[in-house]
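Everything below concerns the one structure shown next.
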Amino acid sequence: MALDFNNMKKASLEIILNDEKQTKIHLYTPSKKLLTELVGLSKGLSTITDDTIDIEDIDQLYAICAKVMSRNRENITISSDKLESIFDMEDLIIFLEAYIEFTTEVQSSKN
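Now the structure itself:
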């Protein structure tokens, strides 16, 4: 008997981007490193008010979403620049909420 991680069926969240090709990707749950970045971003965003948000905060949000989206079954790299061209802030928030819900559901089902 062998446990082969190369052929494992893993849970994924299907995302269809609103780009010209309507690119379809299947996102995996985050790695520990990516999860640490997401938690750090979450803590940072909770302290931001309309008066204190700046371009660096927005850049960081796009960067972390690009990293999350690049962790996909299709091995497609999604850049921050691509996300900036197809996602507005509302899209990012909707995406993060859906991804966190997906990750939470996967974690809950394993217990």
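For the sequence shown, position 59 (counting from the first letter as 1) is numbered 57 according to the working numbering, and the numbering increases by one without interruption. The beta-carbon is built from N, C-alpha and C at its ideal position, and this holds for glycine as well.
*asked:* In whole angstroms, give me the CA-to-CA distance for GLN58 and SER107.
replied: Roughly 30 Å between the two C-alpha positions.
_Considering only heavy atoms of the ligand ZN, does any lie closer than 6 Å to the CB of GLN105?_
Within the structure as shown, the ligand ZN is missing, as the structure has no ligands at all.
_Of the listed residues THR102, PHE3, LEU90, VAL66, nearest to HIS24 (C-alpha basis)_ = Answer by Cα proximity: VAL66.
*Indicate the three-state DSSP secondary structure (helix, strand or coil) for LEU25 in the structure shown.*
LEU25 falls in the strand class under three-state DSSP.
*Between GLU72 and LEU33, what straight-line distance do the alpha-carbon atoms span, to the nearest angstrom?*
If I take the Cα positions, the gap works out to 20 Å.
_Endpoints, the alpha helix (DSSP H) within which LEU59 is located_ = Here the alpha helix (DSSP H) through LEU59 covers 53 to 68.
*Three-state secondary structure (DSSP) at GLU18?*
Residue state, collapsed to three classes: coil.
*Return the CA-CA distance between SER77 and LEU15, expressed in angstroms with no decimal places.*
Distance between the alpha carbons of SER77 and LEU15: 13 Å.
*Note the first and the last residue of the continuous alpha helix (DSSP H) segment covering SER77.*
The continuous stretches of alpha helix (DSSP H) do not include SER77, and DSSP gives it neither H nor E.
*DSSP state of GLU72, grouped into three classes?*
In this structure, GLU72 counts as coil in the three-state DSSP scheme.
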